[in-house]
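Novice:
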Amino acid sequence: MVCTSVSCVWIIFCLHLCFYVNTGIAQNTREVILLDSKAQQTELEWISSPPSGWEEISGLDENYTPIRTYQVCQVMEPNQNNWLRTNWIEKGDAQRIFVELKFTLRDCNSLPGVVGSCKETFNLYYQETDVEVGRNIRESQYVKIDTIAADESFTQGDLGERKMKLNTEVRIIGPLSRRGFYLAFQDVGACIALVSVKVYYKKCWSIIENLATFPDTVTGSEFSSLVEVEGTCVNDAEEEADNSPKMHCSAEGEWLVPIGKCICKAGFHQKGDACEPCGRGFYKSSSQDLQCSRCPAHSYNDREGSWRCDCEDGYYRALSDPPSVSCTRPPSAPQNLLYNINHTTVSLEWTPPADTGGRNDVTYRIICRRCTWEPEECFPCGSNVGYSPQQSGLTDTYVTITDLLAHANYTFEVEAVNGVSDLSRTQRLFAAVSIATSQAAPSQVSEVIKERVQQHSVQLSWQEPDQPNGVITEYEIKYYEKDQKDRIYSTVKSKSTSATVNNLKPSTAYVFQIRAFTAAGYGIFGPRLEVTTKEESTGSGEQKTTVISSEQNPVIIIAVVAVAGTIILVFMVFGFIIGRRYALAAPIDSPLLHCGYSKADQEGDEELYFQCTKTYIDPETYEDPNRAVHQFAKELDASCIKIERVIGAGEFGEVCSGRLKLPGKRDVSVAIKTLKVGYTEKQRRDFLCEASIMGQFDHPNVVHLEGVVTRGKPVMIVIEYMENGSLDAFLRKHDGQFTVIQLVGMLRGIAAGMRYLSDMGYVHRDLAARNILVNSNLVCKVSDFGLSRVIDDDPEAVYTTTGGKIPVRWTAMEAIQYRKFTSASDVWSYGIVMWEVMSYGERPYWDMSNQDVIKAIEEGYRLPAPMDCPPGLHQLMLDCWQKDRADRPKFDQIVGILDKMIRNPNTLKTPMGTCLRPISPLLDQNTPDFTSFRLVSEWLEAIKMERYMDNFTAAGYSSLESVARMTIEDVMSLGISLVGHQKKIMSSIQTMRAQMLHLHGTGVQV
């Protein structure tokens, strides 16, 4: 017996209460509630249209608190259209709204006699407005969010058995741009109780992290969007140099890993989330220091928040001294000063001072004074006096003083100095000695001039030395050939300041030096003067030059080439033997090498070549997963990695960009996947499993693993940085900006990467454009190996799983139905990637539900060609989507096909005047026959674009013939802004043209 609507609804509501008493949902502290029908105890007073449809009913929750619910059960009457609208909801700062629905729904099979009119779903809509719009419901103004279906329905007998469970569904609206919105629920013939409606958005609550305050932040408008927030340093803190504090608020209302930080200023130290001043007797000289330090020796301070301590009286700190060193004082005088005099040269020696002043930078300086015979009349020695090794800055305790005047009185002072000697106001301390010089040899002859140069002679002149130290009786000229380097020399003596040196060779370079002689002996030779004599005249005779030449002997050449060839052959054989041994000796837990001869087809010619390929090892076969990580991935030092910014959020934590600087190598840009704090051991194993997989791959079209950090926190996976991000988002951003050749080049790179993985015996399982990364050179690389698994050597072997999520729109039928994954199922996914690329990132199967996609594929439906897609490329897609996996091409065949297309660009041109979407029986057995429709509204309903009916009517498109003549510009002029909807409508119009032309000959221009 079929129950009345009221009784059916009451059964649903009672069953809900049975469930609700035993169920508690924890409040998410990241949620900001805009509407919670369960929390309202008075009547909700939502609008119901017609009034006989949805009905508001009271009930009690587990605490016997009254709650309000809406129910409808008009299953006896066909063509139901019952609408329920909430009150106006002001959204505040939110852009992305969550709607949580709790409801019960009765199984239509338990209602005999009403199967044709009964439904097991209802529809959820919303309308954006800036103000409340009254109580009338205009269906055309609402945008559909989704069709809501129950995971658990109940039957008439479930009430007594108390088996029914409450259904909970969450949907997301956004981005929203107006002040508020309405929610609406459409019943089309279901028996349903809407128990509670909760509307909320998420925000990241204010937090102090790394001494920076981050305010309350509403999450972004997209699931993958991150809101970057600049932090404000707390009191008495400042930003770290070139590292301002930032955090990112994720779409789930979670703060992600902080970038940059604030540090306490000089004089302050960190305590918790604040900066406190250093106490008296303590200081902190720099914001880079972590803690306050006690004042060093001989210093003090009597105030809080000090960055340095003052020195006690008599103690000093040099300008170059950091505040952390003790205050010091000048050293005492050097000790035990001794001297030795040799004519006009004095040598001094001493021992270090007894007190260095507490410093280890003691040096010595010499002060020289020449005194008259009158007492206390002394003058500085001047620049003519020489000091060896130097006059000041001496680190050794000795010095030699030269070029003093003969028969003169000198006083020498030796002072010990350190870094604070010049700051001291006390009297200098030094050791002194007075000395009288005796007769001395003359000083150097400093300037020599060449007067005349001949073939066999050179005439020189010079000035008397600055310090003759007596009467000069003669000069000695030493000369030698330059290439002899003073090994063989001659001398000439002169009584005057000029001389001529004879018997020289013509065209020869000579070096001349001169010294003076007095009763005290010879002085030292002066500086070198280089002179080249003139050339000797050759007369009428010609100089003969003997040129020795030889012709190369052909026999020698042949012998050399033969020896070189033999050496190369030996190295090739040796390398082959080593390669074979390496392959045979590969360890059982490393990628295995398989070597052998293969045939390559080069434009019809077969070529035999030797090839070695590696076989992938599943990390899950290791008893200790950490061993797999260190077997295949390089351990990096965390200090070599600098995180610069957060670029996304992954399953296990944040994804950042940064720099990797390894010793001896230049730094490179990298992407860094981090494992969030509070992970379990299983999460850590799953996180590092991807690194164990990636570490086995080395191909230009597979993302390269730089290494891992497992011995520090956070745990990190470091991979090469791909500047343009994921392929789907990159294509959507640059819609229509690439040539077909460029797109095919991208597809070729992806296919080459998959061929490499397939050759290693590896199945990806999640090949999609979102999992392809693009670098700055538009090179596409396969990434994201989280769902990937290995297969055995047997080509028919599969990986079977009993659970887990499957990306339905990208997955082959056998993988969906039987959970069987092979390289052939990856080929199916690759065909979907081809469709994504050629449609510039459009969502496969558009807004069809997953169940609709599965059903359509089972019935033979395949995606149509994207706009402007060459027929050859679409045919390759169809080949990848063959039902029998044995009929699908292999990845090496796909690479070959794409290579031929690239070499012959004419194959990628779309013929003018033809339908852009190839029509085949397989493709079109589920395509509607548009010629059977009479109204534009019927056509729009068939392609699920009925929301644009008013747009077509307002523009005057009243017949299908006028619609068939539309172009993409006409579609855009109707106000249809969504690219996916534009393409879907144009694809349908193109099919309509072809059907009209083929079946009815209407004369519509294609």
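Take the sequence shown: its letters are residues -26 to -1, 1 to 980, numbered as in mature numbering (1 follows the signal peptide of the UniProt record, and there is no 0). Ideal placement from N, C-alpha and C gives every residue a C-beta, glycine not left out.
#1: Could you check what DSSP says for residue 439 in three-state terms: helix, strand or coil?
#2: At the level of alpha carbons, what is the spacing between residue 786 and residue 799?
#3: Is the Cβ of residue 139 closer than 9 Å to any Cβ of chain D?
#4: Kindly indicate which residue of 642, 328, 410, 335 has the alpha-carbon position closest to the one of residue 321.
#5: Only counting the same chain, and skipping five residues up and downstream in sequence, which positions put a Cβ closer than 7 Å to that of residue 127?
#6: In whole angstroms, give me the CA-to-CA distance for residue 59 and residue 111.
#7: Using three-state DSSP, classify residue 931 as helix, strand or coil.
#8: Helix, strand or coil for residue 868 per DSSP?
#9: In chain order, which continuous runs of the alpha helix (DSSP H) of length 4 or greater are located wholly inside the segment 810 to 879?
#10: Helix, strand or coil for residue 926 per DSSP?
#11: Buried or exposed, going by whether 16 or more other CB atoms sit within 10 Å of the CB of residue 718?
#12: Mind checking who residue 981 pairs with in its DSSP beta bridge?
#13: Sort 946, 376, 416, 400 by Cα distance to residue 359 and report the nearest one.
#14: At the level of alpha carbons, what is the spacing between residue 212 and residue 648?
#15: Who are the near neighbours of residue 355 in its chain, counting only those whose CB is closer than 6 Å to its CB and skipping five residues on each side?
#16: Which residues share a DSSP beta bridge with residue 10?
#17: Using 8 Å for Cβ pairs, my map puts residue 267 next to residue 240. What's the rounded Cβ distance?
#18: In whole angstroms, what separates the C-alpha of residue 315 from that of residue 442?
#19: Excluding the five sequence neighbours on either side, which residues of its own chain have a C-beta within less than 6 Å of the C-beta of residue 819, listed in chain order?
#20: Would residue 882 and residue 855 qualify as a contact pair, given that the criterion is a beta-carbon distance under 9 Å?
#21: Compare the beta carbon distance of residue 154 and residue 64 with 9 Å and say whether it is the shorter of the two.
#22: Is the CB-CB distance between residue 459 and residue 504 below 9 Å?
#23: Note the first and the last residue of the continuous beta strand (DSSP E) segment covering residue 40.
#24: Label residue 243 either buried or exposed according to how many other C-beta atoms from any shown protein chain fall within 10 Å of its C-beta, with 16 as the threshold for buried.
#25: Give me the Cα-Cα distance between residue 287 and residue 307, rounded to the nearest whole angstrom.
#26: Grab me the residues of residue 32's own chain with a C-beta within less than 7 Å of its C-beta, minus the 5 sequence neighbours each way, in chain order.
#27: Using the beta-carbon count (16 or more within 10 Å), is residue 161 buried or exposed?
#28: Is residue 393 near residue 292, with beta carbons less than 9 Å apart?
#29: Please determine if the segment 1 to 15 and the segment 170 to 178 are in contact, where contact requires at least 3 C-beta pairs separated by less than 8 Å.
#30: Can you tell which of 679, 53, 928 has its C-alpha closest to the C-alpha of residue 603?
#31: Quick one: any contact between the segment 957 to 964 and the segment 137 to 151, if contact means 3 or more CB pairs under 8 Å?
#32: Please say whether residue 590 and residue 736 have beta carbons closer to each other than 9 Å?
#33: Going by C-alpha distance, which of 758, 731, 733, 968 is nearest residue 744?
#34: Could you check the C-alpha separation between residue 966 and residue 951 for me, to the nearest Å?
#35: Since residue 943 is in the beta strand (DSSP E), which residue starts that stretch and which ends it?
#36: In terms of residue numbering, what span does the beta strand (DSSP E) encompassing residue 222 cover?
Specialist: Taking the coordinates as given:
#1: coil
#2: Residue 786 and residue 799 have their C-alpha atoms some 5 Å from each other.
#3: Within the model displayed, chain D is absent; a lone protein chain is all it includes.
#4: Measuring from the Cα of residue 321, the nearest candidate turns out to be 410.
#5: So the qualifying residues of the chain are 79, 80, 81, 94.
#6: 8 Å
#7: coil
#8: helix
#9: 824 to 832, 845 to 854, 865 to 877
#10: helix
#11: Answer is buried; the Cβ neighbour count reaches 16.
#12: Any question about residue 981 goes unanswered here, given that the chain covers just -26 to 980.
#13: 376
#14: Rounded to whole angstroms, the gap between the alpha carbons of residue 212 and residue 648 is 27 Å.
#15: 342, 344
#16: The partner list for residue 10 (beta bridge, DSSP) reads 172.
#17: That belief does not hold up - the Cβ atoms of residue 267 and residue 240 are roughly 12 Å apart, past 8 Å.
#18: 19 Å
#19: 783, 827
#20: no
#21: yes
#22: no
#23: 40 to 47
#24: Counting C-beta atoms within 10 angstroms of its own C-beta, residue 243 has 16 or more neighbours from the protein chains shown and is therefore classed as buried.
#25: 20 Å
#26: 40, 42
#27: Its Cβ being crowded by 16 or more others within 10 Å, residue 161 is buried.
#28: Cβ atoms of residue 393 and residue 292: closer than 9 Å.
#29: yes
#30: It is 679 whose Cα lies nearest to the Cα of residue 603.
#31: no
#32: yes
#33: Ranking 758, 731, 733, 968 by Cα distance to residue 744 puts 758 first.
#34: 22 Å
#35: From DSSP, residue 943 is part of no beta strand (DSSP E) but of the alpha helix (DSSP H) over 942 to 947.
#36: 220 to 223
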